[in-house]
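In full-length UniProt numbering, the protein residues as written are 1 to 118. Each residue gets a CB set at the ideal place from its N, CA and C atoms; glycine is no exception. Remember, it's a predicted structure, so these values are computed and weren't measured experimentally.
As structure tokens, then:
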């Protein structure tokens with residue numbers, strides 16, 4: 001799909017990648033190393049921007065820039081922190097797919113998010 005998008009000049013295509021370095025079983029570096037992700041998109045002819053995925057203004061700016069490219073597809077790599085704003089969840093892959101959170105942790109998470117700027 002990445003090669004197709006460039007070959008057929010899909011300039012209206014914007015791919016936003018949530019790049020937090022985590023997956024269900026651990027870090028992507030350990031389980032499925034991605035290497036230089038931006039370089040892979042560039043190699044296949046995409047325009048690429050890397051932004052702070054927690055910054056709405058950075059994302060909006062990146063999308064505007066990506067929309068200006070009418071010939072080449074665009075990738076926006078949004079660097080994020082999994083569980084951002086919740087102290088015990090940040091960068092802990094064990095919380096990637098939680099189905100049942102103890103009430104005490106739920107209340108703590110709710111409290112931390114209510115005080116967070118995210």
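_Unbroken alpha helix (DSSP H) run spanning residue 6, endpoints_ = Stepping through the chain shown from its first residue, residue 6 is reached at position 6. Judged by DSSP secondary structure, residue 6 falls within the alpha helix (DSSP H) whose first and last residues are 2-7.
_Out of 96, 10, 11, which one is the CA nearest neighbour of residue 81?_
Walking along the chain shown from the start, residue 81 turns up at place 81. With distances taken between Cα atoms, residue 81 lies closest to 96.
*Which whole-angstrom value is the C-beta distance of residue 74 and residue 53, which I expect to be below 8 Å?*
On the chain shown, position 74 is the one that residue 74 refers to. On the chain shown, position 53 is the one that residue 53 refers to. By a beta-carbon distance limit of 8 Å, residue 74 does not contact residue 53. Their separation comes to about 15 Å.
*asked:* Can you tell me whether residue 29 is buried or exposed? The criterion is at least 16 other CB atoms within 10 Å of its CB, across all chains shown.
replied: Translated into the one-based positions of the chain shown, residue 29 becomes position 29. Looking at its Cβ environment, which holds fewer than 16 other Cβ atoms inside 10 Å, residue 29 is exposed.
*If residue 76 and residue 16 are in contact, beta carbons under 8 Å, what's the gap, nearest whole angstrom?*
Counting from one through the chain shown, the residue named residue 76 turns up at place 76. Counting from one through the chain shown, the residue named residue 16 turns up at place 16. Here residue 76 really is in contact with residue 16; their C-beta atoms are around 5 Å apart, less than 8 Å.
*Evaluate contact between the region 16-26 and the region 90-109, counting only Cβ atoms and requiring at least three cross-stretch pairs below 8 Å.*
Taking 8 Å as the limit for Cβ pairs, the verdict is that the region 90-109 does touch the region 16-26.
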